[in-house]
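Novice: Positions 1 to 249 (the UniProt record's numbering) are the ones given, in order, by the sequence shown. Please read through the structure below; I'll follow up with questions.
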Amino acid sequence: MTNFLETDQGRKIAYHKTGGEGPTVVFLGGLKSDMEGTKAIHLEAFCKARGQSFLRFDYSGHGESSEKFTDGCIGDWHEDTVAAVTALTAGPLIVVGSSMGGWQALLLARAMPERLMGLVGIAAAPDFTEDGYWAGFTDMQKEQMETQGYVELPSDYMEPYIITKRMIEDGRTRLVLREDLNLPFPVRLLQGTADTAVSTETAVRLLDHAQSPDMRLQLVKDADHRFSDDTCLGLIEAAVAEITDLANA
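Here it is, written out as structure tokens:
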């Protein structure tokens with residue numbers, strides 16, 4: 001059964017939490033994704049079988065949580081993440097971030113580095129509002145953003161994305177690749193070479209930019225952005241298990 005957490009901002013966040021030993025694994029989904037996705041459900045079952053604590057939730061404007069997607073932005077979803085982690089978990093964390101969730105994982109690492117024992121990025125998409133959306137907009141789209149406050153972008157996976165001016169402007173205050181990014185714990189980045197949403201160049205840029213004592217990038221030939229076939233799910237499991245072993249060593 002889905003539970004709900006009310007944040008200080010008055011948003012209702014839907015979540016599922018399963019108990020067990022630490023470190024708690026927290027799954028952070030992608031833009032317009034939800035906690036019922038293949039990776040989240042698979043990782044929950046994996047952790048349950050291992051007796052490891054696990055949390056998945058929907059950002060506001062996503063899935064079963066309150067608010068509209070078009071009212072949200074990176075900062076709102078960061079607030080939701082901090083609220084969920086603070087209220088629903090205790091002790092050390094291993095954060096698994098998919099796509100936009102990878103950016104959220106890095107923001108969480110910046111906000112509470114003392115809680116994180118490790119981070120797994122799956123096609124992590126830091127700074128995508130600026131380096132993906134804004135950088136790719138035509139002059140007409142930029143003008144449209146100014147005049148009507150949003151731009152519609154086609155998606156390979158669902159109905160068009162409505163990208164709002166607020167999302168772009170707030171994203172600029174949340175960028176993580178422009179200044180020091182210290183990740184004082186093991187980091188595992190997983191990236192498919194056939195990903196049309198997040199490029200391998202983005203993964204390499206993050207690898208080059210961040211400071212970490214133990215950071216690795218694994219490229220999977222022909223894997224796409226979903227990164228959810230049996231092979232890819234196995235790699236996610238292996239990364240979580242490895243970081244857990246390191247944390248418990």
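Note that the Cβ used here is the ideal one computed from N, Cα and C, for glycine as well.
For E179, is the classification buried or exposed, using 16 other Cβ atoms within 10 angstroms of its Cβ as the cut-off for buried?
Specialist: E179 comes out exposed.
Novice: Using a Cβ-Cβ cutoff of less than 7 Å, which residues in the same chain neighbour S66 once the five nearest sequence positions on both sides are dropped?
Specialist: R11, K12 and S60
Novice: Rounded to a whole number of angstroms, what is the C-alpha to C-alpha distance between A249 and W134?
Specialist: Distance between the alpha carbons of A249 and W134 is about 43 Å.
Novice: Distance, Cα to Cα, I74 vs T2?
Specialist: Spanning the two alpha carbons is a distance of roughly 24 Å.
Novice: Which same chain residues, not among the five before or five after D131, have their C-beta less than 8 Å away from its C-beta?
Specialist: The residues are L177 and T202.
Novice: Cα separation between D222 and D8?
Specialist: 43 Å
Novice: Beta-carbon separation of Q218 and L190 under 8 Å?
Specialist: yes
Novice: Can you tell me the Cα-Cα spacing of V139 and M145, whole angstroms?
Specialist: Strictly speaking, residue 139 in this sequence is Asp, with Val absent from that position. Approximately 10 Å, taken between the alpha carbons.
Novice: Could you check what DSSP says for Y59 in three-state terms: helix, strand or coil?
Specialist: Reduced to three states, the DSSP call for Y59 is coil.
Novice: Distance check for V220 and D195, CA to CA, integer angstroms please.
Specialist: Distance between the alpha carbons of D195 and V220 is about 10 Å.
Novice: Compare the C-alpha of F69 against each of A239, P213 and I162 and name the closest.
Specialist: I162
Novice: Just the C-alpha distance for L116 and H42, rounded to the nearest angstrom, thanks.
Specialist: 22 Å
Novice: Jot down the residue ranges of each uninterrupted alpha helix (DSSP H) in the segment 160 to 209, minimum 4 residues, whole runs only, in chain order.
Specialist: 165 to 171 and 200 to 209
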